[in-house]
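Single-structure report; data block below.
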Amino acid sequence: YEVGYHYVKLGLALMKQSPSRANDGQIIFNSAYTRMHVEPMQTSVEFFLDAFKTAMKSGDTRNAMKCAFFYDVSCFWSGANWKNLR
Numbered sequence: 027y028e029v030g031y032h033y034v035k036l037g038l039a040l041m042k043q044s045p046s047r048a049n050d051g052q053i054i055f056n057s058a059y060t061r062m063h064v065e066p067m068q069t070s071v072e073f074f075l076d077a078f079k080t081a082m083k084s085g086d087t088r089n090a091m092k093c094a095f096f097y098d099v100s101c102f103w104s105g106a107n108w109k110n111l112r
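So in this note's numbering the end of the sequence shown lands on 112, straight run, no missing numbers.
The following block contains the structure:
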């Protein structure tokens, strides 16, 4: 996952340079999923929520629902306080 983590950083940097926002939700989702295996899970949970919001803004409901699912599951397995979730 270390090599993937390097490509995640590259993908996020390239995403900021692209004028199109159509695939941003998918890129953020992949970065969050890869981060989960490199960093502590608690740090990647919010990236799933960001990916959800970005996918919804671009009309990508399929990836938005995937992001919402992974956000919920990650919050559960990381031991997040359910009362504080958004």
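Ideal Cβ placement from N, Cα and C applies to all residues, glycine included.
Selection Val71, Gly105, Ala106 and Ser104 evaluated against Ala94 yields Val71 as nearest (Cα-Cα).
Considering only Asn56, Asp76 and Ser46, the residue with the shortest C-alpha distance to Leu36 is Asn56. Within its own chain, the residues whose Cβ lies closer than 7 Å to the Cβ of Thr60, once the five positions on either side in sequence are excluded, are Tyr27, Gly30, Tyr31 and Val34, listed in chain order.
Considering only Lys79, Leu40 and Thr69, the residue with the shortest C-alpha distance to Gly51 is Lys79. Judged by DSSP secondary structure, Lys109 falls outside any alpha helix (DSSP H); it is assigned neither H nor E.
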